[in-house]
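Residue numbers (the working numbering): 7 to 358.
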Ligand code: GLY
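(1) Considering Cα atoms alone, identify which of 194, 226, 356 and 339 is closest to residue 291.
(2) From which residue to which residue does the beta strand (DSSP E) around residue 58 run?
(3) Within the same chain, show all residues whose beta-carbon is closer than 6 angstroms to that of residue 252, passing over the 5 residues directly before and after it, in chain order.
(4) Beta carbon of residue 412: closer than 7 angstroms to some heavy atom of the ligand GLY?
(5) For the alpha helix (DSSP H) containing residue 106, list its first residue and its last residue.
(6) Note down the Cα distance separating residue 233 from residue 156, rounded to an integer number of angstroms.
(7) For the beta strand (DSSP E) that residue 121 lies in, which residues bound it at each end?
(8) In this structure, what does DSSP give as the bridge partners for residue 251?
(9) Which runs of the beta strand (DSSP E) at least 3 residues long sit entirely within the segment 153-238? Give them in chain order.
(10) Is residue 266 near the ligand GLY, in the sense that its beta carbon is under 7 angstroms from a heavy atom of that ligand?
(11) Any idea what DSSP makes of residue 140, helix, strand or coil?
(12) So what's residue 2 in DSSP terms, helix, strand or just coil?
(13) Does the beta-carbon of residue 359, which I'm using as the reference point, lie nearer than 7 angstroms to any heavy atom of the ligand GLY?
(14) Give me the DSSP bridge partner(s) of residue 282.
(15) In the structure shown, what three-state DSSP assignment does residue 27 receive?
(16) Please identify the residue among 147, 124, 64 and 170 whose C-alpha is closest to the C-alpha of residue 137.
(17) As a quick exercise: from 69, 85 and 86, pick the residue whose alpha carbon is nearest that of residue 100.
(18) Mapping DSSP to helix, strand and coil, what is residue 11?
(19) Less than 7 angstroms separating the Cβ of residue 241 from some heavy atom of the ligand GLY?
(20) Residue 30 to residue 78, Cα distance in whole Å?
(21) Could you tell me the distance, in whole angstroms, from the CA atom of residue 64 to the CA atom of residue 225?
(22) Does the contact criterion of 3 or more C-beta pairs under 8 angstroms hold for the segment 94-109 versus the segment 47-61?
(23) Look up residue 43 in the DSSP assignment and give the residues it is bridged to.
(24) What are the boundary residues of the beta strand (DSSP E) that residue 84 is part of?
(25) Bridge partners for residue 338 per DSSP, in chain order?
(26) What distance in whole Å lies between the Cβ atoms of residue 120 and residue 91, which are believed to be in contact at a cut-off of 8 angstroms?
(27) Taking the alpha-carbon positions, what's the residue 240 to residue 37 distance?
(28) Between the segment 266-273 and the segment 325-340, do at least 3 Cβ pairs fall closer than 8 angstroms?
(29) Could you give the C-beta distance for residue 227 and residue 10, rounded to a whole number, given that I count them as a contact under 8 angstroms?
(30) Measure the alpha-carbon distance for residue 288 versus residue 348 and round it to whole angstroms.
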């Protein structure tokens, strides 16, 4: 076990992020520390990486977006009651972003919050979704309408999961890695330029260095702004348009974020006169890691989706833009301004 990072959001509570090389040994260690341990694992993952620890009660669940509903989590909560999970117990969740979102939410409300350990299984959740305590369920066809910010005690990164990660999960996760470079670390952008997907998939040491960088950037941001009031919003670079594309076109989160970053890059050119080599660089990076940079542009669907953005305060959206490579800024844009940009995006074929 090796420490990667840590962050502290209140005086007495610290979240540690570690790298582990043996999943069952880690689960055993946790179970020895706790009176009772329950482990919730994605059923598909469990076929490849079974949890064999004798002291742990294992619940295998279907994952994917369908787990993120009130109806889907109800039997899980019942099962915690049946197994007499109490405030001295520990919950370990092993899975991707959807599962950690759903279980994070239950962990935060069950008995007003029980100890939680997260082992993210996808690249995207290792570098982003599992860090920082945001969780959520979908409600009334809108994503993450219910949720809390509840920090795990430990986030354990098990790089071996990457060996069996589907290609689409690699590319989706890489969009977030590129995002960290663009908003916070220009050196990371330079390093990424020297690689492509095939090359990094054959270089686990470099891969761990990049994941560590991203995790440390996110830890720093979460520690400074745990409740998403200002700095943490910069992590949403590419996400305003991205979320709309994700739900309207049903594409993977990272792919939608990649496209959203290109749009945000072009808007940054107009709002901040950033260098006109930045967007081409972003596109090159996305191409190198096989993240789509074009889509059939449906103005009506996208504009309609923006209007439903949950972060909208009246007619204003906190839009994350770039000042330069490695530095993000939040600019309040009106819905009308954004709609104008969406028109320009269509005419100038920013991503179509
Ligand atoms: N994924 C953005 C955040 O955690 O704030």
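Even for Gly, the Cβ is constructed at its ideal location relative to N, Cα and C.
A quick look at the data gives this:
(1) In the chain shown, counting from the first residue as 1, residue 291 sits at position 285. That would be 194, whose Cα lies nearest to the Cα of residue 291.
(2) Taking the first residue of the chain shown as position 1, residue 58 is located at position 52. Counting along the chain, residue 58 falls outside any beta strand (DSSP E), and DSSP gives it neither H nor E.
(3) Here residue 252 refers to the residue found at position 246 of the chain shown. Answer for residue 252: 259 and 262, listed in chain order.
(4) Residue 412 is absent from the structure shown; the chain starts at 7 and stops at 358.
(5) On the chain shown, position 100 is the one that residue 106 refers to. Here the alpha helix (DSSP H) through residue 106 covers 103-115.
(6) Against the chain shown, residue 233 aligns to sequence position 227. Against the chain shown, residue 156 aligns to sequence position 150. Their backbone Cα atoms lie some 10 angstroms apart in a straight line.
(7) Taking the first residue of the chain shown as position 1, residue 121 is located at position 115. Counting along the chain, the beta strand (DSSP E) containing residue 121 begins and ends at 121-126.
(8) As a working mapping, residue 251 is identified with position 245 in the chain shown. Residue 251 pairs with nothing; no bridge assigned.
(9) Correct list: 160-163.
(10) Your numbering for residue 266 matches position 260 in the chain shown. Because no heavy atom of the ligand GLY lies under 7 angstroms away, the Cβ of residue 266 does not count as near it: no.
(11) Position 134 of the chain shown holds residue 140. Reduced to three states, the DSSP call for residue 140 is strand.
(12) Absent from the model: residue 2. The displayed extent of the chain is 7 to 358, so no value can be given.
(13) Residue numbering for the chain in the displayed model covers 7 to 358; residue 359 lies beyond these limits and cannot be assessed.
(14) As a first step, residue 282 is located in the chain shown; it is residue number 276 there, counting from the start. Answer is none; residue 282 lacks a bridge partner.
(15) Here residue 27 corresponds to residue number 21 of the chain shown, with the count starting at 1. Correct three-state label for residue 27: coil.
(16) Within the chain shown, numbered from 1, the residue matching residue 137 stands at position 131. Among 147, 124, 64 and 170, the Cα nearest to that of residue 137 is on 124.
(17) Sequence index remark: in the chain shown, residue 100 carries index 94 (1-based). The shortest C-alpha separation from residue 100 is found at 69.
(18) Counted from its first residue, the chain shown places residue 11 at position 5. Here residue 11 sits in strand by DSSP.
(19) Taking the chain shown and counting its residues from 1, the one referred to as residue 241 is at position 235. Closer than 7 angstroms to some heavy atom of the ligand GLY: that describes the Cβ of residue 241.
(20) Taking the chain shown and counting its residues from 1, the one referred to as residue 30 is at position 24. Taking the chain shown and counting its residues from 1, the one referred to as residue 78 is at position 72. Straight-line measurement puts the Cα of residue 78 at about 27 angstroms from the Cα of residue 30.
(21) As a first step, residue 64 must be located in the chain shown, where it is residue number 58. As a first step, residue 225 must be located in the chain shown, where it is residue number 219. If you take the alpha carbons of residue 64 and residue 225, they lie about 29 angstroms apart.
(22) yes
(23) For the purposes of this step, residue 43 is taken as the residue at position 37 of the chain shown. DSSP, once it has assigned bridges, lists 62 and 96 as partnering residue 43.
(24) Reading the chain shown from its first residue, position 78 is the one you call residue 84. Residue range 76-88 is occupied by the alpha helix (DSSP H) that includes residue 84, with no beta strand (DSSP E) assigned at that position.
(25) Numbered from its first residue, the chain shown carries residue 338 at position 332. In the DSSP output, where bridge partners are listed per residue, residue 338 has 324.
(26) Indexing the chain shown from 1 puts residue 91 at position 85. Indexing the chain shown from 1 puts residue 120 at position 114. Between residue 120 and residue 91 the Cβ distance is about 7 angstroms, and since that is below 8 angstroms, they are a contact.
(27) Within the chain shown, residue 240 is the residue found at index 234, counting from 1. Within the chain shown, residue 37 is the residue found at index 31, counting from 1. If I take the Cα positions, the gap works out to 37 angstroms.
(28) yes
(29) The sequence position of residue 227 within the chain shown is 221, counting from 1. The sequence position of residue 10 within the chain shown is 4, counting from 1. With 8 angstroms as the limit, residue 227 and residue 10 do not qualify as a contact, their Cβ atoms being about 15 angstroms apart.
(30) Here the question's residue 288 lines up with position 282 in the chain shown. Here the question's residue 348 lines up with position 342 in the chain shown. Those two C-alpha atoms are separated by around 19 angstroms.
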